[in-house]
Each structure stands twice: as C-alpha cells, then as structure tokens.
Amino acid sequence: MNEVEVLHLFKLYTTMARELCHSMYQVLPDDQKPIVSHQQASTHFEWLFDLIYDVELCKPFVIYCNTHWTWDLHGEHCLFESDQGIQVEANIYNTDFVDIAFFNVFIKSYTDAHSLFESIEDIDFKFTATLFDQWANKNMLQQQSGTEFSLVHPIDH
725 MNEVEVLHLF KLYTTMAREL CHSMYQVLPD DQKPIVSHQQ ASTHFEWLFD
775 LIYDVELCKP FVIYCNTHWT WDLHGEHCLF ESDQGIQVEA NIYNTDFVDI
825 AFFNVFIKSY TDAHSLFESI EDIDFKFTAT LFDQWANKNM LQQQSGTEFS
875 LVHPIDH
C-alpha cells in the first residue's frame, strides 16, 4: 500500500465532500439554507429536529464532475452517492473532518482506489482506524472527535 497515494485519497475525499456540499447548498430553497448554514450546540434540540426533519429534498440530485449524485441530508451529515455507486458522506459544517467509517465506505465504493488496497485482505473499520491513528502519530492527521480526523495541513480552500 502506497501511503502517499492513500493520503491523496483522503485529500480527494475532503475536496469532493466540500464541492458536493456546496452543490447541495445551491439547490436548497432560501428558507432552508439557514438550517444547514450554522452549526448549533447539540443541546439545541429544536435546531437539531429542524435539521433532521425540515430540510426537504427540493431536487433529487446534484451535479458534480458531470455526474448525477443523489443526496440524503440527515443531521450534521449528508450522504452523496453517484450514478457509479461512489459514496461520500460529509460533515456539512466542516468538510475537512473525515469520519473513519465514512472514509472506509468511500474507498470500497471508489473503483480507482481498489488497486491501492490489493494486498489488504479486509478493508474494514479496524483497518481504517489503525491507518488514521498511524497518520495522527506521524502528525499528518489530527483527531477531531472519537472517529473524525482532519489533515494537519489542510488543502487551501
């Protein structure tokens, strides 16, 4: 496994997450944009229920890189899935934060990544968590929460 190429996948994931969230925001009706624009403390239950229940799919898909992507906004995350089956689940408030499980699903669904992991028998949560921990120990990633990590030197936006 080439560490540099896998780290490139991490960067690609954050770029895709950011651009897909931007595309999703563009198709939301104006009255729903404030719901997804400003993160509140999780103790604000009214805001959380608004986020979960009040954002309606006004368009069933967004266009990204000339491909249709369906989207499912739920809580602080949005799951995007391309026509080819690529899945990117993004933290809508900070697309630089990558969840271990979400990245694991991405590398399994992104066919261009398969060759990087040919020698790995089982790409599961444990494998990805170990990889992220190793990168954190090398000061390449910073742990943001229990399962979310970000690049120490993120891509300029």
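Residue numbers for the sequence shown follow the working numbering, so the first one is 725 and each next one is one higher.
Backbone N, C-alpha and C define an ideal beta-carbon position, used for all residues, glycine too.
With respect to the C-alpha of residue 785, the residue from 815, 816, 829 and 749 having the closest C-alpha is 749.
Pairwise C-beta distances place the stretch 805 to 815 out of contact with the stretch 856 to 863, as fewer than three of them are shorter than 8 angstroms. Looking only at 860, 837 and 745, the smallest Cα-Cα distance to residue 729 is reached by 837. 8 angstroms or more divides the Cβ of residue 741 from the Cβ of residue 852.
Distance check between residue 871 and each of 745, 844, 747 and 826 places 826 closest, using alpha-carbon atoms only.
A distance below 7 angstroms between beta-carbons, with the five flanking residues on each side excluded, links residue 847 to the following residues of its chain, in chain order: 828, 831, 832 and 841. Around the CB of residue 804, 16 or more other CB atoms lie within 10 Å, so the residue is classed as buried.
Membership of residue 833 in the alpha helix (DSSP H) is indicated by the continuous run 824 to 833. Per DSSP, the beta bridge partners of residue 796 are 803. Burial is judged here by how many other beta carbons sit within 10 angstroms of a residue's own beta carbon; residue 844 has fewer than 16 and is exposed. DSSP links residue 875 through a beta bridge to 865. Taking residue 743 as the centre and dropping the five residues before and after it, the same chain places the C-beta of 788 closer than 8 angstroms to its C-beta, in chain order.
When DSSP reads this structure, residue 811 sits in a beta bridge with 805. Boundaries of the beta strand (DSSP E) harbouring residue 785: 785 to 788, taken from the DSSP string.
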